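Comments concern the structure below.
In our numbering, the protein residues as written are 11 to 402.
In structure tokens, the structure reads:
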């Protein structure tokens, strides 16, 4: 077996573990309405619980990415997936009022820590696959995680609709299964000794841009995706009146489109230009998102539009991660990756916390319109960076 083929297998093992870990993050938001009926608590408080795991899983990435910068073993990835699976217990606690909420938050923190170990560790392992195109390898790793996140919506909503909330616990079985390929493929992590300004040789023409605007743009894009994941299923079920499994399926379709789009654009970005792809994707994604939100309450068929929207727009975040790998900054690689993959989504969770009380008065629909506005903001940042580069 050639080294390149071996690295493709290692990438597949890493992406599988990433997908399983992120699946556990996506299982709570689609079943908030059944949880509200079971626990008899405010829906806005449950929104905070759903976003708490995302917050913890991303904030913890920053210190983990720094502390583990020189370790080769993937044991933290395996341990992380096992801890991430504990999120299946969040919708299965006894109904004890506020005490239930406290227990949910505690479990979310534990599961979030588990997910946190998978991202910077996995990205560092991907960074060491030097025989694979960086843009494509990064896109595959990132979007399969997002696909797992989105698939969790359909899995949990379908299981709950047909078998009740207790059936979600069976999803924990995927955690130990995902560890097996990591061991069989002998995955090793890249040792982070390279300084921030030492760009490795690569076949991709990846521009070196300032890290701060890339981080801001990635934060905006992460917030848009997080809002859709957290609010869209409940909007479709509670306000548009669709069945629970369809509300979960809708966001899963967004994930499928995002996977195909990010891999496609990730392969084309070195030829077209990473920033140009970002501009095109966000500029087209804004009106498509607005159109979907207008059509969604009127017809189930509007869900098909989510596939095309995600195909165009979701590639923006993986491309930001790719740009962060070689960005101009005093930070080391593992620190930049911890911030770009963790700090962005952690900030997105805080935004959800701030906005969730508003849903008690406005519903979920008006807040979802902030998503396409966010895409326009990200487009403006990408245009700004591109113009600055041309001036230099």
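Glycine included, C-beta positions come from ideal geometry on N, C-alpha and C. For clarity, every value in this text was computed on a predicted model and none was experimentally measured.
Ranking 17, 148, 231 by CA distance to the CA of residue 276 puts 148 first.
Taking C-beta atoms as the reference points, residue 258 and residue 40 count as a pair closer than 8 angstroms.
Annotated as distal: residue 55 and residue 237, with beta-carbon spacing of 8 angstroms or more. Looking at the backbone, the Cα of residue 322 and that of residue 291 are separated by about 5 angstroms. Residue ranges of uninterrupted alpha helix (DSSP H) with 4 or more members, entirely inside the region 268 to 352 and ordered along the chain, are 284 to 305, 313 to 323, 326 to 335, 343 to 348. Between residue 27 and residue 246, the CB-CB gap reaches or exceeds 8 angstroms. Residue 353 counts as buried, since no fewer than 16 other beta carbons sit within 10 angstroms of its beta carbon. Taking one beta carbon from each stretch, the region 374 to 389 and the region 173 to 181 have fewer than 3 pairs nearer than 8 angstroms; the two do not touch.
Nearest to residue 158 by C-alpha distance, out of 397, 35, 338, 302, is 35.
Under the DSSP definition of a beta bridge, residue 220 partners with 338. A distance below 7 angstroms between beta-carbons, with the five flanking residues on each side excluded, links residue 295 to the following residues of its chain, in chain order: 319, 322, 323, 385. Residue environment for residue 13: exposed (fewer than 16 other C-beta atoms within 10 angstroms of its C-beta).
When rounded, the separation of the alpha-carbon atoms in residue 341 and residue 187 is 35 angstroms. Taking each of 260, 316, 326 in turn and checking the Cα distance to residue 300, the smallest one comes out for 316. For residue 365, the uninterrupted alpha helix (DSSP H) run begins and ends at 354 to 365, by DSSP.
Taking residue 288 as reference, the option from 304, 271, 378, 303 with the minimal CA-CA separation is 271. A distance of 8 angstroms or more separates the beta carbons of residue 88 and residue 220.
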